[in-house]
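S.K.: Pasting a structure here, questions to come.
4 protein chains.
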Amino acid sequence: MKPRRPKLFSGATGAGVPVGSPPSARGAKAAARRGAILDAALAEFSARGFAAARLDDVARRAGVAKGTIYLHFKDKEALFQELIRSQLSPVVGSFESVLASDLPLAMIVDQAIEVFVRDIYGTHRKQVIRLIITEGPRFPALAEFYYREVLARILKAVRARLTRALERGEIADDALIRFPQLLGAGAVVAIIWHGLFERFEPLDVRAMIRVYFDRLVLGVGGAA
Amino acid sequence: MKPRRPKLFSGATGAGVPVGSPPSARGAKAAARRGAILDAALAEFSARGFAAARLDDVARRAGVAKGTIYLHFKDKEALFQELIRSQLSPVVGSFESVLASDLPLAMIVDQAIEVFVRDIYGTHRKQVIRLIITEGPRFPALAEFYYREVLARILKAVRARLTRALERGEIADDALIRFPQLLGAGAVVAIIWHGLFERFEPLDVRAMIRVYFDRLVLGVGGAA
Amino acid sequence: MKPRRPKLFSGATGAGVPVGSPPSARGAKAAARRGAILDAALAEFSARGFAAARLDDVARRAGVAKGTIYLHFKDKEALFQELIRSQLSPVVGSFESVLASDLPLAMIVDQAIEVFVRDIYGTHRKQVIRLIITEGPRFPALAEFYYREVLARILKAVRARLTRALERGEIADDALIRFPQLLGAGAVVAIIWHGLFERFEPLDVRAMIRVYFDRLVLGVGGAA
Amino acid sequence: MKPRRPKLFSGATGAGVPVGSPPSARGAKAAARRGAILDAALAEFSARGFAAARLDDVARRAGVAKGTIYLHFKDKEALFQELIRSQLSPVVGSFESVLASDLPLAMIVDQAIEVFVRDIYGTHRKQVIRLIITEGPRFPALAEFYYREVLARILKAVRARLTRALERGEIADDALIRFPQLLGAGAVVAIIWHGLFERFEPLDVRAMIRVYFDRLVLGVGGAA
DNA sequence: GATGAATGAGGGTTCATTCAT
DNA sequence: TATGAATGAACCCTCATTCAT
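So, in structure tokens, the structure goes:
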């Protein structure tokens, strides 16, 4: 049986109408443009990197004039940061709710794999993560935002769930509680491999992630 | 007892005198400058990324004039690519020799950990790896070079050793033979964490990597 | 009586509004700027030569920013080539129509002299011709354009008219049909003399050209 | 019968040992290098123009180091000017002696044609003349030198001979005395045509110059 | 003298940002 | 609000010139 999969994203890019904004014709059009710009920005920043991406190309891809970008974003850097932020905020709650459940660890792992493969690796969201990895060092504010609003919260939920698992005897030691970062390593490698080496050697991401969690979390396989 | 550690690098920057070049005063100075430029370039490219790095800054940091860079490198891109290549080529052989040994798997893991922590994570070489990750997509030739000359060879050696391990019963299944990429995941996460989140939450890299390999390769820990 | 003079140019710089473009305010301004840039470019290229001319100076002289040049021309070379082409294309038809007429040869000579003195030598067009002479060897495409679109067509018209003249007995032999290039020699010398030696020894260009054609075409004067 | 042809140049480039310099081994070598540099400079300046020519290429072509050029010439401009001057000085005397002769005008024309075709058009000296035409406006000192030391003297000799011819009835009027510049027009056109259009339409230079002088000076051919 | 590595000013070109329409 | 032409600072790269060897 397929594990239940929490629906993370609505399908559209996350840059839609701000929550609560009035659905007036004018506001809707503005929000649509803003979304188009963010989509285009993601494509261009992913393809070229922040520094090398040209706002000219973003505008052309979004179907707006160059000046229009500045009606929605203060400057190139603000566009970039809002792009990242708008894409990531929705993720946290979903992960938190998955981890808060009292399902057996194995099923949580199933769910996490499914979420990663379908809602992150299978979408442009993997490019957002890649952008954080590649551009983070040049955007301390962004790294901090990501750490505080995303990572820290997810890691906290992970640690909480693992602590319960340890107490219940689901896991044997506190190693992953001390290094919860490792839980993301498989995903990170998948994303990086995709960007760099897919054309040389394709990767069955789902199978790899499965192996990864089996070993790391569930203790399946390994030494004889 | 400390595991024997293969000496990977000589300590000097990898950009020293070309092997076999005569140690003439002229040649030595030229090589020193070339090395200084490469060192400075690594620092600037790491700090700003390829596109945003200024050759002016590279020159100033290297203590040479801007034009001098062009005596040693055709252009900015050539400087970047030679920087990466010069740093990586020496690595492969070392890893291959480690993996070729017939020591027990646990000792090989010990050695690999030591090599990573001391010779990669503890040096500027981790920045080289970070640059491949961040700039690779924009430099297909570089990604290809890295894949062919580094990754593919290391992965081949890994697979060979793991196949022997499987035959000998040192490991229980072929999962890591199918996904040897996972063996680098801990290192990748360590390098990325360092660049992005070290200031928020420091990481005991050696301990983390230890946990990582214990779980992934040796099957130590995990589910109860 | 003054010979009729075909009006060659409108007086404005040749780089005005493209034929047929709508006279919108936007388009008119753009065309005006393009024209100003071409005028400035002609001045700077004439004064310094293509290689030594600075686009900074062109921009300053045109009253625009340096970047504006690149809105109208791909690069310095395109600016140069379009400058030449835009100035020359109108000339051909005029010369062809002059030569197509059935007026006596003497009157055609009168007209040609007038056209050269007033519409070429008396305008910045002489600088364009000078630029072709000086820069042509470094711009094969330009030399070819000039040959095909200007010279070859004019020479063809000249040969046709001279052939008729020979048939009618207006001229005694086919020498100039074989070497119609000579018909431009007086003009070329006038232009070169102007650029190099005018300050040492001024030249009455009209009188010189008059002597030149009298001798060369009409057979007036010469040996006793 | 072939007209006697005054031997204008020794065959070697004019940049040889300065007249009167001692033929010491050292001096001979220095002079040889100086000559090699001047030859190379002529080739490079002709191919690219003064501004675009690179001293690096001059040095390579001359087989010397870049710094060596500065042992012989103050800077690039001095190299250029001395190049032109060294090539032109020998010409004047020859032309003067030709014109001073009391041979019939037709024979002087024969000689002049021969000298031009063989000693100027047939050698790299035509490139020197081309360089004066193309670079003269940017080098007032050079234009002045050329005017004073070459042109003015030749024109003076021409006028003197033509004045005698007029007195003797060899020519019918003073037109060419007033515009002796025209006498060079055929040569100028030949040189320019060669540089720009030879590949499209080759030119029989000797025949053209012959027609030219026949018409202009001797009054042969023309109107019926 | 001869060399050629080193210098650094200069200039072509790009592109984020502004603003008149 | 939207546009896109215009701006000009910034940066890569070249090359004439210098100077230590």
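Chains as they are written, first to last, in our numbering: chain A, 2 to 225; chain B, 2 to 225; chain C, 2 to 225; chain D, 2 to 225.
Idealized CB from N, CA, C, for every residue including glycine.
1) So which residues on chain A does Leu197(B) lean against when the C-beta distance must stay under 7 angstroms?
2) Counting pairs of beta carbons, one from the region 126 to 137 of chain C and one from the region 189 to 199 of chain D, are three or more of them closer than 8 angstroms?
3) Spell out whether any CB of chain B is found under 7 angstroms from the CB atom of Arg108(A).
4) Straight-line CA distance for Ile70(A) to His125(A)?
5) For Ala176(A), report the span of its alpha helix (DSSP H) as first-last.
6) Use the C-beta contact count for Leu104(C): other C-beta atoms within 10 angstroms, 16 or more gives buried, fewer gives exposed.
7) What residues in its chain sit with their C-beta under 8 angstroms from that of Val206(D), if we drop five residues either side in the sequence?
8) Tell me whether Ala142(D) is buried or exposed, calling it buried when 16 or more other Cβ atoms sit within 10 Å of its Cβ.
9) With distances taken Cα to Cα, identify the nearest neighbour of Leu177(D) among Glu168(D), Val159(D), Val189(D).
10) Have a look at Asp73(D) and Pro91(D) and give me their C-alpha separation to the nearest angstrom.
11) Since Val59(C) and Ala48(C) are thought to touch, with beta carbons under 8 angstroms apart, how far apart are those beta carbons, to the nearest angstrom?
12) Check whether chain D comes within 7 angstroms of Phe117(C), counting only Cβ atoms and requiring the distance to be less than that.
13) Check the Cβ of Tyr148(D) against every Cβ in chain C and list those closer than 7 angstroms, keeping chain order.
14) Nearest to Gly185(B) by alpha carbon, out of Arg165(B), Glu145(B), Thr164(B), Arg211(B)?
15) Please check if any C-beta of chain C sits within less than 7 angstroms of the C-beta of Ala166(D).
16) Are the C-beta of Ala188(B) and some C-beta of chain A separated by less than 7 angstroms?
17) Any C-beta of chain B within less than 7 angstroms: which residues of the region 44 to 55 of chain A qualify?
18) Note down the Cα distance separating Ala52(C) from Arg62(B), rounded to an integer number of angstroms.
19) Indicate whether Val189(D) and Val221(C) have their beta-carbon atoms separated by less than 7 angstroms.
20) Taking 6 angstroms as the cut-off, is the CB of Pro138(D) close to at least one heavy atom of the ligand FAD?
21) If you drop the 5 nearest sequence neighbours on each side, which residues of the same chain put their C-beta closer than 7 angstroms to that of Phe146(C)?
22) Let me know the secondary structure DSSP gives Ala208(B) once reduced to three states.
23) Taking 7 angstroms as the cut-off, decide whether the C-beta atoms of Arg162(D) and Leu84(D) are in contact.
24) For Gln128(D), which residues in the same chain have their Cβ closer than 7 angstroms to its Cβ, ignoring the five residues on either side in sequence?
25) CB-CB under 7 angstroms to Arg169(C), same chain, minus the five flanking residues each way: which ones, in chain order?
26) Less than 8 angstroms between C-beta atoms, sequence neighbours within five positions excluded: which residues of the same chain meet that for Val1(C)?
27) Tell me, please, whether the CB atom of Leu163(D) is closer than 7 angstroms to any CB atom in chain C?
28) So, at 6 angstroms on beta carbons, what are the nonlocal neighbours of Ile155(B) in its own chain, with the 5 sequence-adjacent residues on each side left out?
29) Does the beta carbon of Ile70(D) sit closer than 7 angstroms to a beta carbon anywhere in chain C?
30) Just to confirm, are Arg216(A) and Arg149(B) a CB contact at a threshold of 7 angstroms?
31) Gln88(B) to Val65(B), Cα distance in whole Å?
32) Which of the residues in the region 208 to 223 of chain D, read from start to end, lie with their CB under 8 angstroms from any CB of chain C?
33) Check the Cβ of Phe180(C) against every Cβ in chain D and list those closer than 7 angstroms, keeping chain order.
34) By how many angstroms is the C-alpha of Gly28(B) removed from the C-alpha of Asp40(B)?
35) Could you tell me whether any Cβ in chain B is nearer than 7 angstroms to the Cβ of Pro4(A)?
36) Between which two residues does the alpha helix (DSSP H) containing Lys75(C) stretch?
M.R.: The structure says:
1) Translated into the one-based positions of the second sequence, residue 197(B) becomes position 196. The answer, in chain order, is Gly137, Pro138, Ala144.
2) Yes, they touch.
3) Taking the first sequence and counting its residues from 1, the one referred to as residue 108(A) is at position 107. Sequence check: residue 108(A) is Met here, not Arg. No, its Cβ sits nowhere closer than 7 angstroms to a Cβ of chain B.
4) As a position in the first sequence, residue 70(A) is number 69, starting the count at 1. As a position in the first sequence, residue 125(A) is number 124, starting the count at 1. About 21 angstroms.
5) What you label residue 176(A) is simply residue 175 of the first sequence in a count that begins at 1. Where Ala176(A) is concerned, the enclosing alpha helix (DSSP H) stretches over 176 to 179.
6) Numbered from its first residue, the third sequence carries residue 104(C) at position 103. When all chains shown are included, Leu104(C) counts as exposed.
7) Indexing the fourth sequence from 1 puts residue 206(D) at position 205. Excluding positions up to five away in sequence, the list reads Val118, Tyr122, Ala191, His195.
8) Here residue 142(D) refers to the residue found at position 141 of the fourth sequence. So Ala142(D) counts as exposed.
9) As a position in the fourth sequence, residue 177(D) is number 176, starting the count at 1. Selected option, being the one with the closest Cα: Val159(D).
10) To locate residue 73(D), count along the fourth sequence from 1; it is residue 72. To locate residue 91(D), count along the fourth sequence from 1; it is residue 90. As written in the sequence, residue 73(D) is His, which differs from the Asp given in the question. If I take the Cα positions, the gap works out to 21 angstroms.
11) To locate residue 59(C), count along the third sequence from 1; it is residue 58. To locate residue 48(C), count along the third sequence from 1; it is residue 47. Actually they do not touch by this definition, with Cβ atoms about 11 angstroms apart.
12) On the third sequence, residue 117(C) is found 116 positions in, with the first residue counted as 1. It does not: the Cβ of Phe117(C) has no partner Cβ on chain D nearer than 7 angstroms.
13) The count along the fourth sequence starts at 1 and reaches residue 148(D) at position 147. Neighbours of Tyr148(D) on chain C, chain order: Phe198, Phe201.
14) Residue 185(B) sits at position 184 when you count from the first residue of the second sequence. Checked all of Arg165(B), Glu145(B), Thr164(B), Arg211(B); the closest Cα to Gly185(B) is Arg211(B).
15) Taking the first residue of the fourth sequence as position 1, residue 166(D) is located at position 165. Output row for Ala166(D): interface = no.
16) Within the second sequence, the letter at position 187 stands for residue 188(B). Judged by the 7 angstroms Cβ criterion, Ala188(B) is not in contact with chain A.
17) Hits within the stretch, in order: Arg49, Gly50, Ala52, Ala53.
18) Counted from its first residue, the third sequence places residue 52(C) at position 51. Counted from its first residue, the second sequence places residue 62(B) at position 61. Going from the Cα of Ala52(C) to the Cα of Arg62(B) covers about 33 angstroms.
19) Stepping through the fourth sequence from its first residue, residue 189(D) is reached at position 188. Stepping through the third sequence from its first residue, residue 221(C) is reached at position 220. No. Outside cutoff.
20) Looking for the ligand FAD in the displayed structure turns up nothing, as the structure carries no ligands at all.
21) What you label residue 146(C) is simply residue 145 of the third sequence in a count that begins at 1. Closer than 7 angstroms at the Cβ level, and outside the excluded window around Phe146(C), lie Arg86.
22) Here residue 208(B) refers to the residue found at position 207 of the second sequence. The three-state reading of DSSP puts Ala208(B) in helix, counting H, G and I together.
23) Residue 162(D) sits at position 161 when you count from the first residue of the fourth sequence. Residue 84(D) sits at position 83 when you count from the first residue of the fourth sequence. Their beta carbons are not under 7 angstroms apart, which means Arg162(D) does not touch Leu84(D) by this criterion.
24) For this step, residue 128(D) is matched to residue 127 along the fourth sequence. Correct list, in chain order: Leu43, Ser47.
25) Here the question's residue 169(C) lines up with position 168 in the third sequence. Non-local C-beta neighbours of Arg169(C) in its own chain, meaning closer than 7 angstroms and more than five positions away in sequence, are absent.
26) The question about residue 1(C) has no answer here: the residues shown for chain C are numbered 2 through 225.
27) In the fourth sequence, the residue the question calls residue 163(D) occupies position 162. No, Leu163(D) does not count as interfacial toward chain C.
28) Here residue 155(B) corresponds to residue number 154 of the second sequence, with the count starting at 1. Around Ile155(B): Phe96.
29) Position 69 of the fourth sequence holds residue 70(D). Judged by the 7 angstroms Cβ criterion, Ile70(D) is not in contact with chain C.
30) Taking the first sequence and counting its residues from 1, the one referred to as residue 216(A) is at position 215. Taking the second sequence and counting its residues from 1, the one referred to as residue 149(B) is at position 148. Going by C-beta atoms, Arg216(A) is not nearer than 7 angstroms to Arg149(B).
31) Locating residue 88(B) in the second sequence gives position 87, where the first residue counts as 1. Locating residue 65(B) in the second sequence gives position 64, where the first residue counts as 1. Their Cα atoms are separated by approximately 21 angstroms.
32) For the region 208 to 223 of chain D, which is checked against every Cβ of chain C, the residues closer than 8 angstroms are Ala208, Met209, Val212, Tyr213, Asp215, Arg216, Leu217, Val218, Leu219, Gly220, Val221, Gly222, Gly223.
33) In the third sequence, the residue the question calls residue 180(C) occupies position 179. Near Phe180(C) (Cβ distances below 7 angstroms), the residues of chain D are Met209, Val212.
34) Locating residue 40(B) in the second sequence gives position 39, where the first residue counts as 1. Locating residue 28(B) in the second sequence gives position 27, where the first residue counts as 1. Counting only the Cα atoms, Gly28(B) lies some 18 angstroms from Asp40(B).
35) Taking the first sequence and counting its residues from 1, one reaches residue 4(A) at position 3. Any reading at Pro4(A) needs caution, since the residue's pLDDT is 47, under 50, leaving its predicted position unreliable; the model's value is listed next. False, the Cβ-Cβ gap to chain B never drops below 7 angstroms.
36) Residue 75(C) sits at position 74 when you count from the first residue of the third sequence. Neither: Lys75(C) is in no alpha helix (DSSP H) and is coded neither H nor E.
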